[in-house]
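Each residue of the sequence shown is one higher than the last, beginning at -11 in our numbering. Written out below as structure tokens is the structure these notes cover.
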Amino acid sequence: MLGKKPWIIPIPGSRKPERLRENLGAADVTLSPEEIARVDELTDRLDLMVFGGNAIR
-11 MLGKKPWIIP IPGSRKPERL RENLGAADVT LSPEEIARVD ELTDRLDLMV
39 FGGNAIR
């Protein structure tokens, strides 16, 4: 998400310290524009259910 737009700021939630450490480690990951496009292509095909079963589309 950090690579998409400069005004997008993900806010990770966590209940466990080890998950927080994983989330913080993600700031050290760098993806090329091609890699981001491929991730977007694959995730756009997913049927995601959130907020009590309302699909994101």
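Using N, Cα and C, we set each Cβ at its ideal position, and we do this for glycine too. Nothing here was measured: the structure is a model prediction, and the numbers come from that model.
Using only the alpha-carbon positions, how far apart do residue i and residue j sit?
i, j, result
"isoleucine -1", "leucine 8", "11 angstroms"
"threonine 18", "arginine 33", "23 angstroms"
"glutamate 22", "isoleucine -4", "19 angstroms"
"arginine 26", "serine 20", "10 angstroms"
"lysine -7", "aspartate 35", "23 angstroms"
Cβ of residue i within 7 angstroms of Cβ of residue j?
i, j, result
"glycine 1", "isoleucine 24", "no"
Where are the alpha helix (DSSP H) runs, 4 residues long or more, that stay fully inside the stretch -11 to 23, in chain order?
If only complete runs of 4 or more residues are kept, the stretch -11 to 23 shows the alpha helix (DSSP H) at 5 to 13, in order along the chain.
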